[in-house]
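There are 2 protein chains.
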Amino acid sequence: MSNDGFSEQARDILKAVSYFSKLDDAALASVERAAIRRDYDAEQVILIEGEPCAGLYIVESGWLKAVRIGLDGREQVLQTLKPGETFNALSVFTDAPNQATVAALEPSVVWMVRRDILLKLMEEHPSLARQVIQELAGKVQYLIRMVEDLSLRSVETRLARLLLGQAEGESVQRRRWETQAEMASRLGTVPDVVNRALRKLSEEGIIHVKRHQIQILDKEGLKAIAQVIE
Amino acid sequence: MSNDGFSEQARDILKAVSYFSKLDDAALASVERAAIRRDYDAEQVILIEGEPCAGLYIVESGWLKAVRIGLDGREQVLQTLKPGETFNALSVFTDAPNQATVAALEPSVVWMVRRDILLKLMEEHPSLARQVIQELAGKVQYLIRMVEDLSLRSVETRLARLLLGQAEGESVQRRRWETQAEMASRLGTVPDVVNRALRKLSEEGIIHVKRHQIQILDKEGLKAIAQVIE
DNA sequence: CTCATTCAACGACTTTTATCGGTTTTCTGT
DNA sequence: ACAGAAAACCGATAAAAGTCGTTGAATGAG
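First to last, the sequence lines map onto chains A and B. Note that our numbering numbers the first sequence so that position 192 is 192, with each residue one more than the last. Note that our numbering numbers the second sequence so that position 32 is 32, with each residue one more than the last.
What follows is the structure, encoded as structure tokens:
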């Protein structure tokens, strides 16, 4: 790959990140100079909860997950990250250590922008600070919903909500890494329980479970279980 | 109360709020002019989830709770607020509706600062934006811990953690409103389960439950149950 | 293609959490 | 001090979630 092509590509990826969308070219160039690109294999850990913060990470390609791990090894997925999304922002803009362990779900390419550059940039660009506030606020909303789900709703309801959220049209496409075990740690439960919940929905004729796709046969029924109010 | 005394008091309360700590006198005065003081009885609802945002609230006296309520009426406490603390910040700095219902746990006095004033102020004072980022980041950290607790830890463990967090020395003082029902909705469970968990700890000789106080007899034992790693 | 591995499926079982019904104790207001 | 209300207490179940052992199907590495 030529050097020009490489820079071109970096610029495009960074520009698409919400944090940087309103920066001028000079600022963007300084971010670009502070950015490092790295490849990860599936399953590989990108950063570890509790460790000091290196910088802001941006997903170029592949899917990742941010998790908390319990003493018994059970994990709770906090976020599933797709290309274009960022992570570790919280640690960058405060002096806290990493809040979650992040691992690749499939072979992925990730950029990392050094913390000091971003902090300096924020001093000069109020728009960046505003963007950070928006992002953090979105995260707070998301986490409140998650607490509400875990505390107030059954596994079956949470599963129904996940399916509706993931659905494109009348079916949910499952990637290779989207196993029932992954779904379980997203829902805050264990694989067996997800399996049984899927079977139950299946027996009720609400969904049809196939290998890499789940068909939604009765969307209204599923919404009722998901407690969607319209 | 004389007008001077009133203003003096307002100024002191506002100045103690983390958001305003670094503002100059002129800015503080404009906040003060946009602030309204109001009294609430115990149980009274101060704001409702989903409604449009009126402004930033500051607790002068009394204790409040911010909750999410499930379809069956069960509630999950997201935050317990004491004098000096603020709420509804998220809605103020984004255009989202209120994220929780807030109610007084005891007779309370609350200030409200109009949203538009704060947004204008943030344009002019970068320190305010930085402070907002810090506060939101703290909230994200807190909520992640809450998700982790609900997903990965048992009620008994959560209770042990609550007791350790509330403890002053070797005992936990309980206010009048801190019933087992309130503890339950903080822990994401129901009153009966809290009662049984307390009884179990009590039978094991780890705590001693009295009228308005819980004594911690075996702090190490409690920490073990709380999964505190040292 | 074959073999080892991972994932899904499933029944039996245990533990945890929630619910129910009722009693006793404590608190509150008069 | 008293009556009524709220909170705590407690045993009995019930329901939900989690665990275990086994099987078979799908996948992918060689």
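Where is the CB? At the ideal position from N, CA and C, for every residue including glycine.
Rounded separation between residue i and residue j - CA only
i	j	result
B:N3	B:Y57	The predicted model places B:N3 with a pLDDT of 48, which falls under 50 and marks its position as unreliable, so this point remains unresolved.
B:G221	A:T189	28 angstroms
B:D116	B:V92	8 angstroms
B:P52	B:Q166	33 angstroms
A:A197	A:E203	10 angstroms
A:D95	A:L47	16 angstroms
B:L14	B:E32	7 angstroms
B:I225	B:I216	13 angstroms
B:E11	B:S61	Note on identity: in this sequence residue 11 of chain B is Arg, with Glu being the wrong assignment. Taking the straight line from one Cα to the other gives about 15 angstroms.
A:L78	B:A184	24 angstroms
B:W63	A:Q76	32 angstroms
A:F87	B:I36	39 angstroms
A:Q134	A:I69	27 angstroms
A:Q180	B:L118	46 angstroms
B:I144	B:L136	12 angstroms
A:H212	B:H208	54 angstroms
A:V110	A:L164	29 angstroms
B:E182	A:L28	50 angstroms
A:E85	B:S171	46 angstroms
B:D149	A:D149	13 angstroms
A:G138	A:L201	31 angstroms
A:L162	B:L162	30 angstroms
Residue from the options whose Cα sits closest to the Cα of residue i
i	options	result
A:D72	B:E168, B:V193, B:E182 and B:S151	B:S151
B:A160	B:K223, B:Q99 and B:Q213	B:K223
B:S30	B:D95, B:H125, B:R174 and B:A137	B:H125
A:R199	A:E156, A:V45 and A:I46	A:E156
A:I206	A:L121, A:Q141 and A:D218	A:D218
B:A104	B:A42, B:Q9 and B:A27	B:A42
B:R74	B:D25, B:L187 and B:F87	B:L187
B:V228	B:R153, B:T179 and B:E135	B:R153
B:P107	B:E135, B:N195 and B:D39	B:D39
A:W177	A:W111, A:D25, A:K65 and A:G138	A:K65
A:V102	A:W111, A:G138 and A:V45	A:V45
A:S21	A:V110, A:W111 and A:R130	A:R130
B:V194	B:R158, B:L28, B:E85 and B:V109	B:R158
Distance between beta carbons of residue j and residue i, contact taken as under 8 angstroms
i	j	result
A:G55	A:V113	5 angstroms
B:P97	B:G50	5 angstroms
B:V147	A:M146	5 angstroms
B:L90	B:Y19	B:L90 to B:Y19, Cβ: 13 angstroms. No contact.
B:L23	B:V59	Going by Cβ atoms, the distance from B:L23 to B:V59 rounds to 19 angstroms, so no, they are not a contact pair.
B:A34	B:V67	At roughly 27 angstroms, the Cβ-Cβ gap does not stay under 8 angstroms, so B:A34 and B:V67 are not in contact.
Where residue i falls, given that 16 or more other Cβ within 10 Å makes a residue buried
i	result
B:M1	Model confidence at B:M1 stands at a pLDDT of 42, short of 50, so the residue's coordinates are unreliable; what they give is reported in the following sentence. B:M1 should be labelled exposed.
A:I214	buried
A:E230	exposed
A:G169	exposed
B:K210	exposed
B:K120	exposed
A:V17	buried
A:D192	exposed
A:A26	exposed
A:R175	exposed
A:E123	exposed
B:E8	exposed
B:Q173	exposed
B:Y142	exposed
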